[in-house]
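One structure is given here, and the rest of the page talks about it.
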């Protein structure tokens, strides 16, 4: 397997009206796919059984990973936006990937049999620095509004990571400079089981961190 890549899924089925209600595939979406592609050999070696994306949105990222890994893995997505869950499943189906979504916060409604067994966890979080009250001002705002430091949502996830990931699990998180990535790394390391590293830095203040 000398040359492996991830193909960007087709998302032509998403109408302008759809994209008024869900987070449209954007630069950060494709940056996250690039980070997964860069690590794809290592992900293959992991032989993941369960892959899950929090904040699945359009479904493009988890579908891209599913297209590369194939049906040997199970694919799940969660989103607080029920319409996004529906569209993510459509994106996956139209690209030959089976995806099961749950409308919930983080992984709250995911079956207990999946929690603690996730080998690849992906999160393109709401990271834009905003006022706190913007976070839940609308379903679409919940996809990008991050509150103070752009981290009010992100920080709430960290304490539960050890109960979400499998013992060998990896976590791909997209951050930008206002989120203070080094501070995030320190917070994660305080839990005692995480080692983080930047996978990609695009030179515009956005990077993916793998932990």
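In the numbering used here, the protein residues as written are 1353 to 1563. We treat Cβ as the ideally placed atom computed from N, Cα and C, and that holds for glycine.
With H, G and I counted as helix, E and B as strand and the rest as coil, what does DSSP make of residue i?
i, result
"residue 1475", "strand"
"residue 1528", "strand"
"residue 1354", "Reliability fails at residue 1354, whose pLDDT of 44 lies under 50, so the model's placement of it is uncertain and the value that follows must be treated cautiously. Three-state result, residue 1354: coil."
"residue 1391", "coil"
"residue 1521", "strand"
"residue 1543", "coil"
"residue 1452", "strand"
"residue 1418", "helix"
"residue 1382", "helix"
"residue 1486", "helix"
"residue 1437", "helix"
Of the choices the options, whose alpha-carbon is the least far from that of residue i?
i, options, result
"residue 1456", "1521, 1433, 1465", "1433"
"residue 1386", "1536, 1525, 1398, 1529", "1525"
"residue 1370", "1511, 1522, 1499, 1492", "1492"
"residue 1426", "1439, 1399, 1438, 1446", "1399"
"residue 1535", "1510, 1405, 1383", "1510"
So, under 8 angstroms CB-CB, residue i and residue j are touching, yes? Tell me the CB distance rounded to an integer number of Å.
i, j, result
"residue 1501", "residue 1467", "With 8 angstroms as the limit, residue 1501 and residue 1467 do not qualify as a contact, their Cβ atoms being about 27 angstroms apart."
"residue 1358", "residue 1379", "Residue 1358 to residue 1379, Cβ: 16 angstroms. No contact."
Problem set entry | Stretch pair the stretch 1480-1487 + the stretch 1358-1371: three plus CB contacts closer than 8 angstroms | With a cut-off of 8 angstroms on Cβ pairs, the stretch 1480-1487 is not in contact with the stretch 1358-1371, counting fewer than three such pairs.
Exercise. Hey, is the stretch 1433-1443 in contact with the stretch 1460-1470, meaning 3+ C-beta pairs nearer than 8 angstroms?
Worked result: Not touching, per the Cβ criterion.
Problem set entry | Any 3 or more C-beta pairs closer than 8 angstroms across the stretch 1406-1413 and the stretch 1472-1480 | A contact exists between the stretch 1406-1413 and the stretch 1472-1480.
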